[in-house]
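Top to bottom, those sequences are chains A and B. Position in the first sequence (first residue = 1) + 143 = the working numbering. Position in the second sequence (first residue = 1) + 455 = the working numbering. Just so it is clear, CB atoms sit at the ideal spot from N, CA and C, and this is done for glycine as well. Take a look at the structure below.
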Amino acid sequence: MKKLLAFLTLGLLLFLAACSSEGGSAKEPGNNGDTSDSAENAEKQEVTFWHSMGGAGQEALNKIVEEYNTSQDGIQVNAEYQGTYDESLTKFNAVAGSDSAPSVIQTFEIGTMSMINSGQITPIQEFVDADSYDMSGLEENITNYYSLDGKFYSMPFNSSTPVMYYNKDAFKAAGLDPETPPATYEEVEEASKKIVESNPEMKGFALQAYGWLWEQLLANQGALLLNNDNGRTDTPTEIGWTEEEGKSILEWVKRMVDDETFANYGTNGDNMMAGFLAGDVSMFLQSSASSRDVIDNAPFEVGIAYLPHPEDKERQGVVIGGASLWMIDGKSEEEQKAAWEFMKYLQTPEIQAEWHVGTGYFAINPGAYEEQVVKDAHAEKPQLQVTVDQLQDTKASYATQGALMDMLPEGRKIMETALEKIYNGGDVDEAYNTAVEQFNVAIEQANAARGE
Amino acid sequence: MSMTNAAQINETTVFDMEPVKKKQRIKSFMKGMAFLLPSIILFSVFLFYPMFRTIYLSFFLTKANGDPTVFVGLENYINMFSSPIFLKSMKSTFLFVLYTVPASVIISLFLSIIANEKLKGIGFFRTMYSSTMGVSVAAASVFWLYLFNPSMGLLNQVLGSFGIEAIGWLTDPKWALLSVSITTIWMNIGFTFLILLGGLQSIDSSLYESADIEGAGYLYKLRRVTIPMLSPTMFFVITVTIINAFQSFGQIDILTQGGPINETNLIVYSIYREAFVNYKFGSASAQAIVLFILILLMTALQFKLGERKVHYQ
Chain A
144 MKKLLAFLTL GLLLFLAACS SEGGSAKEPG NNGDTSDSAE NAEKQEVTFW
194 HSMGGAGQEA LNKIVEEYNT SQDGIQVNAE YQGTYDESLT KFNAVAGSDS
244 APSVIQTFEI GTMSMINSGQ ITPIQEFVDA DSYDMSGLEE NITNYYSLDG
294 KFYSMPFNSS TPVMYYNKDA FKAAGLDPET PPATYEEVEE ASKKIVESNP
344 EMKGFALQAY GWLWEQLLAN QGALLLNNDN GRTDTPTEIG WTEEEGKSIL
394 EWVKRMVDDE TFANYGTNGD NMMAGFLAGD VSMFLQSSAS SRDVIDNAPF
444 EVGIAYLPHP EDKERQGVVI GGASLWMIDG KSEEEQKAAW EFMKYLQTPE
494 IQAEWHVGTG YFAINPGAYE EQVVKDAHAE KPQLQVTVDQ LQDTKASYAT
544 QGALMDMLPE GRKIMETALE KIYNGGDVDE AYNTAVEQFN VAIEQANAAR
594 GE
Chain B
456 MSMTNAAQIN ETTVFDMEPV KKKQRIKSFM KGMAFLLPSI ILFSVFLFYP
506 MFRTIYLSFF LTKANGDPTV FVGLENYINM FSSPIFLKSM KSTFLFVLYT
556 VPASVIISLF LSIIANEKLK GIGFFRTMYS STMGVSVAAA SVFWLYLFNP
606 SMGLLNQVLG SFGIEAIGWL TDPKWALLSV SITTIWMNIG FTFLILLGGL
656 QSIDSSLYES ADIEGAGYLY KLRRVTIPML SPTMFFVITV TIINAFQSFG
706 QIDILTQGGP INETNLIVYS IYREAFVNYK FGSASAQAIV LFILILLMTA
756 LQFKLGERKV HYQ
């Protein structure tokens, strides 16, 4: 009997041990660091950095981190890929407040409000003040997004904006001027018709059903996504765009669907890009972060243009997309300081130049554009320049500062459903009204859940 | 004197026996518990606690990290049943079960019957038919994603060569659920085929011999011997496929992400979105409870209706 119990307890212990080691595997590099920390180089400060850069972005980032680790011997940064922003945020919420939490986490722009509300972060403004660091050296449109009442909560890092990619060869074949791409909704429609006339195999325009693009198309006509100045002066209570502004986008798409010049790729951006590269569609909207990929892989000449806007509205510009770096609360002062040093390092013009050329994201430090690597890249691929110009032409306003709210991911999905309804021949009024109603309910519920 | 003495002795022995028996009973109870302890602990940690926590959470609104904030009673449930998105998700789920379960079972039954014939090289076909069992959901979904691709997908190219207009397999709301179902049926076949083949091979050959002597034809044998003898296996296969269909997630996430127009937003995917994209753990928990009750009811119903027709040897 005793023997049996002993076995059972032993078995249970082993089991629990197996469980706990599994749970801790995510921070394995950190553990390794701990031992080396106490044994060999006690002075090296560990910084755990969770990021969501896959593919080319991950390569570029790992290179930068490695260079940083060898460039000095006080700080050891461990970069860990944690899946997409959504996945990484979910993991973070699960470990927040425990020892497994990272020192720094990269989170997408629409997660800004939920990070602030989480109470698990230290606003980087504290470090900016303590260090008298000058944030004004960074791109103004980017700092606009991330400062809230003049306070920085997170450090901007990777930023992109939406642009319109177009097939210059197809434009020539259709008798359009490849050097003056359509700038308004109406011009896009006209160009699409001509493309289809000259080549019935090719559709004119594609818009991925992607909530981010909806937000951008609104901002470009000066419309707010949420009321209370996009949630920047007070907690939003409902949507911020007017019926005319919202419907202008849906009606534009609807007209192209009716003209049969619109290519429907649903919510799948990869298929849309593949369709563009295969010559199935002549224009599409996508993040500038893909520009490197598109230009390198297209068998024809690719043009990049500004995001289109309605004819009767002036172009306001775009909201920056991408992500920023957050300092996690509850870590030792040394660790936070080390993390702050690393954040500053990432802002330097040299690193930003390397990052911009390696990925197609913006350099958030305009000084990077003076670096030789960037000049060379722009000379070779002048399209990259357009993406930078568009951001710098953006007019600063609440609309282009972008919205802040913790329900934005849900709002995106609602708008995607509305867009898909139009793509499949749905009625504009019906799709619009349903979406607005659901959007408002989502805002209401998010406010209720905060218990305020 | 001696009588009373004897009675006394008797009494004392009876008296002594009780605690001993009790002790033994406690001892054997403890022994039994000791054997059960590991599973009780495991079930409590991984099943009972999460389940009660889910029920608890379903009455609350939550913060992004899942901490409950405001008690709302049944509001999550009321909102859910008045939400057109959730009702659509329920409808899609039932349609999905309807599309996948009968097709999977019938196709696998057909395949297992023909693979049960004693022919030269039948092992090769058996391996082929059951091979999808070795393919993970993720791999199978990516493979089908390419077949469904609008620009370079094989399916649309084949249609194109016959002059038929391309179909938006995953973007057209009329087709998307069907496309996901086709993928799921393909993935199901390996498992159901293998189980059904096992069932067929365990049927006593003497039954067929007697039927042959009686002069029964092939179809008659199929109807009167094979199907009844296979019914316990069929019952198992149907139950498992239905539960699997209700719980499908991977293929949705990779193929359509619930789109187009929430057409393929099956209930488990809807729970995932609600919890990990919208960070509404309260209403996600409420949906999970509904799914739990649904599967419980379906299984109970099946046992009630199906078991009567099942023939156990």
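Nearest-angstrom Cα separation, counted from residue j out to residue i
i: M488/B; j: S494/B; result: 10 angstroms
i: S246/A; j: E477/A; result: 11 angstroms
i: S686/B; j: S657/B; result: 12 angstroms
i: V579/A; j: E530/B; result: 22 angstroms
i: Q490/A; j: A506/A; result: 9 angstroms
i: A592/A; j: L356/A; result: 27 angstroms
i: K573/B; j: S563/B; result: 18 angstroms
i: S467/A; j: W384/A; result: 26 angstroms
i: T178/A; j: I218/A; result: Only weak support exists for where T178/A lies, its pLDDT of 41 falling under 50; the value from the coordinates is given anyway. T178/A and I218/A: Cα-Cα distance of roughly 15 angstroms.
i: Y566/A; j: M399/A; result: 9 angstroms
i: E223/A; j: L204/A; result: 10 angstroms
i: S168/A; j: S241/A; result: Only weak support exists for where S168/A lies, its pLDDT of 39 falling under 50; the value from the coordinates is given anyway. Going by the C-alpha atoms only, they are around 14 angstroms apart.
i: D401/A; j: N407/A; result: 12 angstroms
i: I561/B; j: P299/A; result: 56 angstroms
i: A542/A; j: F295/A; result: 19 angstroms
i: G705/B; j: N720/B; result: 12 angstroms
i: K478/B; j: L492/B; result: 20 angstroms
i: M545/B; j: S596/B; result: 22 angstroms
i: G589/B; j: L649/B; result: 12 angstroms
i: L600/B; j: M278/A; result: 45 angstroms
i: K397/A; j: L534/A; result: 28 angstroms
i: Q275/A; j: E252/A; result: Checking the sequence shown, residue 275/A turns out to be Ser, not Gln. Straight-line Cα distance between these residues: approximately 25 angstroms.
i: K538/A; j: F551/B; result: 49 angstroms
Range of the contiguous beta strand (DSSP E) that encloses residue i
i: T524/B; result: 523-526
i: Q249/A; result: 247-251
i: Y309/A; result: 305-310
i: I218/A; result: 218-224
i: W469/A; result: 464-471
Environment of residue i [buried if 16+ CB atoms lie within 10 Å]
i: M583/B; result: exposed
i: A603/A; result: The question about residue 603/A has no answer, for chain A in this structure spans 144 to 595.
i: G608/B; result: buried
i: V190/A; result: buried
i: M485/B; result: exposed
i: F490/B; result: exposed
i: D423/A; result: buried
i: Q581/A; result: buried
i: E183/A; result: With a pLDDT of 46 at E183/A, under the threshold of 50, the modelled position of this residue cannot be trusted; read the value that follows with caution. Per the 10 Å Cβ criterion, exposed.
i: S586/B; result: exposed
i: A481/A; result: buried
For residue i, the first and last residue of its enclosing alpha helix (DSSP H)
i: H452/A; result: No alpha helix (DSSP H) holds H452/A; DSSP gives it neither H nor E.
i: M545/B; result: 539-570
i: V190/A; result: From DSSP, V190/A is part of no alpha helix (DSSP H) but of the beta strand (DSSP E) over 188-194.
i: V424/A; result: Segment 424-430 is the beta strand (DSSP E) holding V424/A; no alpha helix (DSSP H) there.
i: F507/B; result: 504-512
i: A546/A; result: Here A546/A belongs to no alpha helix (DSSP H), and DSSP marks it neither H nor E.
Beta-carbon proximity check, residue i vs residue j, cutoff 7 angstroms
i: M548/A; j: P379/A; result: yes
i: A585/A; j: M550/A; result: yes
i: N583/A; j: E381/A; result: yes
i: Q702/B; j: I726/B; result: no
i: Q459/A; j: N363/A; result: yes
i: Y211/A; j: Y488/A; result: yes
i: I697/B; j: Y724/B; result: no
i: I640/B; j: T555/B; result: yes
i: L368/A; j: A546/A; result: yes
i: G446/A; j: Y328/A; result: no
i: F515/B; j: G737/B; result: yes
i: Q249/A; j: S290/A; result: no
i: V208/A; j: L393/A; result: no
i: Q263/A; j: A239/A; result: yes
Check: residue i C-beta below 6 angstroms from any heavy atom of the ligand SAM
i: G528/B; result: No copy of the ligand SAM appears in this structure; indeed no ligand is present at all.
Cβ contact (3+ pairs, closer than 8 angstroms) linking the stretch 422-437 of chain A and the stretch 338-350 of chain A: As far as the Cβ criterion goes, the stretch 422-437 of chain A touches the stretch 338-350 of chain A, which means the pair count is three or higher.
contact_flag[the stretch 599-616 of chain B, the stretch 407-426 of chain A] where n(CB pairs < 8 angstroms) is 3 or more: For the pair of segments examined, the stretch 599-616 of chain B was found to touch the stretch 407-426 of chain A: the number of CB pairs separated by less than 8 angstroms reaches three.
Inter-stretch contact (C-beta, 8 angstroms, three-pair minimum) for the stretch 523-536 of chain A and the stretch 302-321 of chain A: Yes, since at least three Cβ pairs between the stretch 523-536 of chain A and the stretch 302-321 of chain A fall closer than 8 angstroms, the two stretches touch.
Three-pair Cβ contact test at 8 angstroms for the stretch 320-339 of chain A versus the stretch 512-528 of chain A: As far as the Cβ criterion goes, the stretch 320-339 of chain A does not touch the stretch 512-528 of chain A, which means the pair count is below three.
Touch test, the stretch 707-716 of chain B against the stretch 624-631 of chain B, Cβ-Cβ under 8 angstroms, three pairs minimum: Segment contact: the stretch 707-716 of chain B against the stretch 624-631 of chain B, three or more CB-CB distances shorter than 8 angstroms; contact assigned.
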